[in-house]
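Data first, discussion second: the structure below is written as structure tokens.
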Amino acid sequence: MNVGPGGFGHAPVTKGLVLASLGSSVLTNAARASHRRLPKPLVVLSSSLAFRSPGELLFGCFLLYYFRVLERQSGSRKYGSYAAIVTGLSCALQLGVSSLLQWKVPLAPAPLQLVLASFVPFLLDIPPTSFFNVLGYKMSDKSFVYLAGLQLLLTSGKQSWLALAASTVAGALYKANFCNMKKLRLPGLLVNAIAKFFGPLLSDPGSSGPSISLTSTAPAAAAGRANSAAGGGGGFGEGFYDAPAGRGPGGAAGGVRQRHAGGRAAAGAAGGGGALPAASPEALAELLSMGFSRERAVAALQQAGNDLQTAIALLVG
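This is how it looks when you write it as structure tokens:
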């Protein structure tokens, strides 16, 4: 379960969500403690983004930050549309159920709904990478994330159970590509604006990543991914998360064998002297919006055969 490099590198939407949630929570609690009235538009905005308790803020921001792997693997525009869609669906479901059953349950904060919905692709598409025994029970490295989610629900109280049900349904609908919602993308201008606005905050000097040799590793990675897809390793839609070891029905070892075999085949094809394809303008724009330099983005797309998922995997290591 590789989440990629640390920090918010190449995850501007996640960075914006985490910082907006933190700022809104601090602002709301400060205004409540000082008994000051905020302007109504600011109250509506902060209340929709603010977590309701310190425990909810702690575990909610941790999980938001952890799930940045989804943005890195799908691209910022797709992840932004995913966040907006599942949050909107969850809100609509909560309001509908509350109205139908005449329940007076407050609407859960938008970041909380996104976190709960993100457990759907996390459960189905992200494989564990290590296992261990605790008191005779077999657990994986994913267990800690599930425990953090359980703690989040416990700190939120009973009012979050409706949000859990609605968010799970919203995540499942997106997973099933209901009404072709996976085709939607957040506008590139909006993603660039988020990156520029939140970029200077908590900036990581090493977020751009070290200089890497794409030529030597890309063919094996691209072939491994193709073999993984042929092996039936279904992902989030077109591959919301692709197992880094090319996992398929054969398990971890089978995925490694597939990747090495694919690498040898690709190396043989590369030895034939075939020209690299030109970088796709759409995929290049997607990578540039995530903060990658043009030179590295073009090289990654050429070596990945313009496969966006493989190019992102190469760039984030």
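Residue numbers (this note's numbering): 12 to 328.
Even for Gly, the Cβ is constructed at its ideal location relative to N, Cα and C.
Alpha carbon of residue i to alpha carbon of residue j, nearest angstrom
i: Gln320; j: Gln84; result: 6 Å
i: Leu75; j: Pro198; result: 21 Å
i: Leu326; j: Met301; result: 11 Å
i: Ser92; j: Leu146; result: 42 Å
i: Gln124; j: Lys115; result: 18 Å
i: Val97; j: Ala22; result: 18 Å
i: Cys190; j: Gly107; result: 20 Å
i: Gln162; j: Ala187; result: 28 Å
i: Leu68; j: Phe62; result: 5 Å
i: Gln170; j: Ala286; result: 59 Å
i: Val126; j: Gly71; result: 7 Å
i: Ala310; j: Ser291; result: 11 Å
i: Asp253; j: Lys89; result: In this prediction, Asp253 scores a pLDDT of 37, lower than 50, which makes its location untrustworthy; no coordinate-derived value is stated.
i: Ser87; j: Val202; result: 7 Å
i: Pro211; j: Phe303; result: 16 Å
i: Ser32; j: Lys207; result: 18 Å
i: Ala119; j: Ser154; result: 25 Å
i: Leu195; j: Gly168; result: 34 Å
i: Ala44; j: Thr166; result: 20 Å
i: Ile5; j: Leu81; result: Here the chain has residues from 12 to 328 only, and residue 5 is not among them.
i: Thr179; j: Leu158; result: 17 Å
i: Trp172; j: Ala183; result: 17 Å
i: Gly248; j: Leu134; result: Low local confidence applies: a pLDDT of 41 at Gly248 is under 50, so the model's placement there is unreliable, with the coordinate-based value given in what follows. The alpha-carbon atoms of Gly248 and Leu134 are separated by roughly 14 Å.
i: Leu28; j: Leu112; result: 32 Å
i: Met192; j: Phe78; result: 20 Å
i: Ala176; j: Pro132; result: 15 Å
i: Gly20; j: His46; result: 38 Å
Endpoints, the beta strand (DSSP E) within which residue i is located
i: Phe130; result: That residue, Phe130, is in no beta strand (DSSP E); its alpha helix (DSSP H) goes 121-136.
Start and end residues, alpha helix (DSSP H) containing residue i
i: Val3; result: A question about residue 3 goes unanswered here, because the residues of the chain that appear run from 12 up to 328.
i: Pro65; result: 65-77
i: Leu158; result: 154-167
i: Asn317; result: From DSSP, Asn317 is part of no alpha helix (DSSP H); its letter is neither H nor E.
i: Trp114; result: No alpha helix (DSSP H) holds Trp114; DSSP gives it neither H nor E.
i: Ala182; result: It should be pointed out that residue 182 corresponds to Gly in this sequence rather than to Ala. Element bounds for Gly182: 171-186.
Those residues which DSSP pairs with residue i across a bridge
i: Asn144; result: Lys149
Local conformation of residue i per DSSP, three classes
i: Ala289; result: coil
i: Arg88; result: helix
i: Asn191; result: helix
i: Arg196; result: coil
i: Leu28; result: helix
i: Pro139; result: coil
i: Pro23; result: helix
i: Arg305; result: helix
i: Leu326; result: helix
i: Leu213; result: coil
i: Gly18; result: coil
i: Arg47; result: coil
i: Ser219; result: Any reading at Ser219 must be qualified, since the residue scores a pLDDT of 43, below 50, and its modelled position is unreliable; no value is offered.
Interface flag, residue i vs chain B, CB-CB below 9 Å
i: Leu30; result: Among the chains of the structure shown, chain B does not appear; only one protein chain is present.
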